[in-house]
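Numbering (the UniProt record's numbering), first residue to last: 1 to 797.
Heads up, the beta-carbon is just placed ideally off N, CA and C, and yes, glycines get one too.
In this text, all values refer to a predicted model and were calculated from it rather than measured experimentally.
Here the structure is laid out as structure tokens; the discussion comes afterwards.
Okay, structure coming up:
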């Protein structure tokens, strides 16, 4: 046997040990085993000791043992003589055999296991050292950033630090860490310092980028605005930020920066504190401007900074009108380049309708403007409200003079669409209420029947006018206005029909009447009040767009009543779509906001939406006194939900201070509407969205399948079909038969309203083409063929 042991001989040692053991067992089972030879027994004893010795030695050689482990070997074997040399990796196999290792097999094997685990920890620490020492906080200038410096791929540095921190945390939990405890503590502190430093730098970079972008917006603005203090203080802070970033990007992080990590972090925090002071000062300015004019809450910080930096730049103010108002596009100026010296005489809507002001809005001068853009916009909003009040009064008066000749007299063409629709609703309410009062006095339905007759005459006049306008094709906008007016009158016609069909006379106490949205005009105060059941609303005089009125059906009216009752009780309506259907939730909200004249804003919720942005919009809509519809409500985070709930609770328990020009709405509360996605429906009889919200603040309003055949009938009537009822019933019968044959179509909806709408549009197009622009459908067979043809074309497309 060789005296010097080599790792490659491990197999040979095991082979020899096995050979010795097998030979001894063969001899012991033979004739020699029956003889009492002392030599044979001593050889057998040495062979039995040799096998475990080989196992122990080979395991020790493969366990990467250090001097501390060999000292433990000496302690385990009982070699306590200090004069003797500590055994080590240089010891021969004979020297290790002489120690009698076979007597301590279990202890020595445990020591070898511990040595291997400590070696794994050592390798992990070496890998951590290599990874961390290679980390660099590189910087580069942002493209088109005006000299702004940012970190290069900080997310990759975060990933590297996170992986190594996880490794250190795993090593700290290991029971074999004690020889490397000091090194583990060192790397734990180093990694913690680097991670904290990187987190601070990333946050500072985001904050500084926002401030730098806002500063760049104001650079080209001459001095004299509210941004002067920010423009003077930010460049100094930005210079310190750039110097700090350059220094950190050039030093060795582990060797130079981490030993003085506390001092470097303190210096970074000092620079961040100065940046935060500039940000706080800017926030105070923006908050003061938003409190002075709440619609500024609808603008981002950058857009608002651009406005208040140049408060007398009317072109810039004009560009922000579409962001703050639903239906205001530009100022009413004779020249598009400059404002008239006398001021602004009105505004134009998105549909190019002009709203003239009662008095001219004077042009502000820097010498006498205390709030700049906020004061300008406050005066503008006051003029818009006063103009809408005056125009609605005049429009209503003009309607009474030309009630049956609305198109021929020029009434519909002369007045804005919003005022025409509201005037028609006011007149409907007045006529129907007077008829109900007369019915109560006379004890019979003759006044209602006379009203129905007059209303039928009005509908014929409007239908004939609509056909003439469509034939001329010269004024598309007049055709749109006439179509919207016809829908409003159709809703009024349906109300009168329901009242006439009642057997009993209940007068003004009829359920059909009190559940209808009534509009009343008070000429003395120029106010419009709406009633529905026991709810009262003041008309908001918001400049609304050309939203098509909703065709009211029994189902949609029930949904409208439930929504208004939720608003009256101070709760947030949670508008839910059922499994079978077409919801029409957004259409109902738009139509209701149009009737009430309130500002309506739709916001789609996102999981990654910033809390500050959502809360800012909610706060702004609250102060405006408008409505906010939160789409995809199930995606909203819990933090945003809690802050929205706090705002709603505040408005329930206390009245809002009057900080706007809208003195008449100082007691308004924030009106929110939650609209979960259409695919967030019932699952196993439950609605997860309903279960996750606070039922003291949210009231579920379920939208069932709409009365699509009633809607189709109305659309066909508007398209000029004389047999609209028969066509609607024919379509309903066809769909019912198809559903009986094909079970799959019963769940998904065979003909949704969108497709039916395209069918009606196709009918109008074909009839115009065939008759040279005239819609005249008289014969039933002709109407049926045209409808089926349009249905097939729409289905195939």
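In terms of DSSP beta bridges, what is residue i paired with?
i           : result
residue 536 : 531
residue 355 : 347
residue 671 : 627
residue 577 : 703
residue 330 : 348
Can you give me the C-alpha to C-alpha distance between residue i and residue j, rounded to a whole angstrom?
i           : j           : result
residue 127 : residue 120 : 11 Å
residue 799 : residue 611 : In this structure the chain extends from 1 to 797, so residue 799 is not present and cannot be described.
residue 317 : residue 547 : 25 Å
residue 215 : residue 279 : 11 Å
residue 175 : residue 189 : 20 Å
residue 244 : residue 285 : 28 Å
residue 392 : residue 593 : 17 Å
residue 56  : residue 72  : 14 Å
residue 638 : residue 648 : 15 Å
residue 129 : residue 165 : 12 Å
residue 198 : residue 145 : 21 Å
residue 410 : residue 403 : 11 Å
residue 406 : residue 493 : 17 Å
residue 641 : residue 602 : 17 Å
residue 465 : residue 482 : 8 Å
residue 420 : residue 412 : 7 Å
residue 338 : residue 591 : Residue confidence for residue 338 is low, a pLDDT of 47 falling below 50, so the modelled location carries little weight; the figure read from the coordinates is stated next. Residue 338 and residue 591: Cα-Cα distance of roughly 37 Å.
residue 839 : residue 461 : What the structure shows of the chain is the stretch from 1 to 797, and residue 839 is not part of that stretch, so it cannot be assessed.
residue 388 : residue 380 : 12 Å
residue 373 : residue 227 : 13 Å
residue 568 : residue 535 : 6 Å
residue 479 : residue 376 : 36 Å
residue 218 : residue 272 : 22 Å
residue 158 : residue 208 : 20 Å
residue 229 : residue 270 : 20 Å
residue 523 : residue 397 : 10 Å
residue 595 : residue 613 : 29 Å
residue 178 : residue 253 : 27 Å
Any idea what DSSP makes of residue i, helix, strand or coil?
i           : result
residue 513 : helix
residue 360 : strand
residue 521 : strand
residue 152 : coil
residue 141 : strand
residue 380 : helix
residue 610 : coil
residue 604 : strand
residue 698 : strand
residue 598 : coil
residue 71  : helix
residue 235 : helix
residue 640 : helix
Checking 8 Å against the spacing of the C-beta atoms, do residue i and residue j come in under that value?
i           : j           : result
residue 427 : residue 452 : no
residue 350 : residue 327 : yes
residue 257 : residue 264 : yes
residue 437 : residue 553 : no
residue 810 : residue 675 : No answer is possible for residue 810: it lies beyond the span of the chain, which begins at 1 and ends at 797.
residue 149 : residue 194 : no
residue 152 : residue 135 : no
residue 59  : residue 112 : yes
residue 702 : residue 576 : yes
residue 631 : residue 604 : yes
residue 355 : residue 346 : yes
residue 532 : residue 487 : no
residue 76  : residue 108 : yes
residue 383 : residue 357 : yes
residue 495 : residue 440 : no
residue 314 : residue 619 : no
residue 586 : residue 606 : no
Any Cβ of chain B within less than 8 Å of the Cβ of residue i?
i           : result
residue 549 : Among the protein chains of the structure shown there is no chain B, as only one such chain exists.
**Study point:** Minimum length 4: unbroken alpha helix (DSSP H) runs contained in the region 540–571
**Key:** With a minimum length of 4 residues, the continuous alpha helix (DSSP H) runs that stay inside the region 540–571 are 554–568.
Any chance you could list the alpha helix (DSSP H) runs of at least 4 consecutive residues sitting entirely within the region 249–320, in chain order? Here the runs fully enclosed are 261–292, 301–309, 314–319.
* Uninterrupted alpha helix (DSSP H) stretches inside the region 485–514 (no shorter than 4 residues) -> 511–514, all fully within the region 485–514.
Report task. Go through the region 399–458 residue by residue and report every complete run of the beta strand (DSSP E) that reaches 3 residues or more, in order. Result -> Qualifying beta strand (DSSP E) stretches: none in this window.
| Of all the alpha helix (DSSP H) runs that stay within the bounds of the region 146–200, which reach a length of 4 or more residues? | Listed in chain order, the complete alpha helix (DSSP H) runs (minimum 4 residues) inside the region 146–200 are 154–172.
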